[in-house]
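Trainee: Quick one: structure below, then a few questions.
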Amino acid sequence: MNITALLIMDFLISFIGNALPFFGEAYTVYAALTLLGIKSPMQYVVLVIAVTAIGASISKNVSYALGYALRKPLRRTSAVKLIMLLSNKAPLCVLVIILAALPGLPLDDYLYISTGAASINLAKLNAYILIGKLIKGSVEIPIELLLFSSLYGLLKPSMALSTFQLVMAVLFTALAFVIFKIDWIKIYAKLQRRINILPKIDEF
1 MNITALLIMD FLISFIGNAL PFFGEAYTVY AALTLLGIKS PMQYVVLVIA
51 VTAIGASISK NVSYALGYAL RKPLRRTSAV KLIMLLSNKA PLCVLVIILA
101 ALPGLPLDDY LYISTGAASI NLAKLNAYIL IGKLIKGSVE IPIELLLFSS
151 LYGLLKPSMA LSTFQLVMAV LFTALAFVIF KIDWIKIYAK LQRRINILPK
201 IDEF
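The letter at position 190 of the sequence shown is residue 190 when you use my numbering, and the numbering goes up by one with no holes.
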């Protein structure tokens with residue numbers, strides 16, 4: 001696969017994955033897996049980070065647009081409640097950047113659903129999201145690429161690259177469903193007790 005086709009694929013993966021509420025968290029995993037299929041993948045990491053960040057940022061406008069329609073059935077989830085509580089404790093720009101960059105957690109989706117019906121400046125919101133996604137990709141993609149490269153090096157004699165990529169993609173997609181069921185308020189409460197700089201919320 002040439003680099004142009006790879007970048008287009010990663011953009012589409014990032015856009016589509018992040019447009020699906022709560023299940024776009026593995027897009028950096030998918031991007032890292034596509035890098036396994038090209039020679040000298042580390043040379044293209046920066047390009048992939050930029051392209052996936054742009055795709056994720058643009059697609060979050062879909063989540064924002066769906067926010068009004070989805071907010072009622074999702075209002076009862078612990079993550080939405082947590083975002084609503086935190087929104088009174090920190091500026092929107094801080095929340096967006098931190099939640100967009102937070103590794104392994106899809107909490108930024110809940111933020112867009114919580115604010116989708118509000119009159120928020122979309123230009124600023126997109127800028128904040130892009131910053132957060134650039135930070136996230138810069139941390140996750142190189143690490144995931146190295147981990148997958150090492151793991152595939154062990155499995156290479158018994159597994160084709162395409163099979164390995166598919167298996168990893170399925171596993172991390174399934175993980176997204178598990179993450180969705182987690183009680184984020186309890187987790188945040190524990191983190192806040194350990195990290196004093198985190199905003200306090202009045203109820204858990």
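We put the beta carbon where it would ideally sit given N, CA and C, even for glycine.
Report all residues from its chain with a CB closer than 7 Å to the CB of residue 207; omit the five preceding and five following residues, and keep chain order.
Mentor: No statement about residue 207 is possible, as the shown extent of the chain runs from 1 to 204 and does not include it.
Trainee: Nearest by alpha-carbon distance to residue 5: which of 178, 58, 57 and 35 is it?
Mentor: 35
Trainee: Would you be able to state if there are at least three C-beta pairs under 8 Å between the region 56-64 and the region 187-197?
Mentor: no
Trainee: Have a look at residue 165 and residue 174 and give me their C-alpha separation to the nearest angstrom.
Mentor: The alpha-carbon atoms of residue 165 and residue 174 are separated by roughly 14 Å.
Trainee: Closest by CA to residue 149, which one among 7, 38 and 17?
Mentor: 38
Trainee: For residue 160, which three-state DSSP category applies?
Mentor: coil
Trainee: Nearest by alpha-carbon distance to residue 19: which of 123, 136, 58 and 168 is it?
Mentor: The residue with the shortest Cα to Cα distance from residue 19 is 58.
Trainee: Just reading off the alpha helix (DSSP H) that residue 195 is part of, what are its end residues?
Mentor: For residue 195, no alpha helix (DSSP H) segment is defined, and its DSSP state is neither H nor E.
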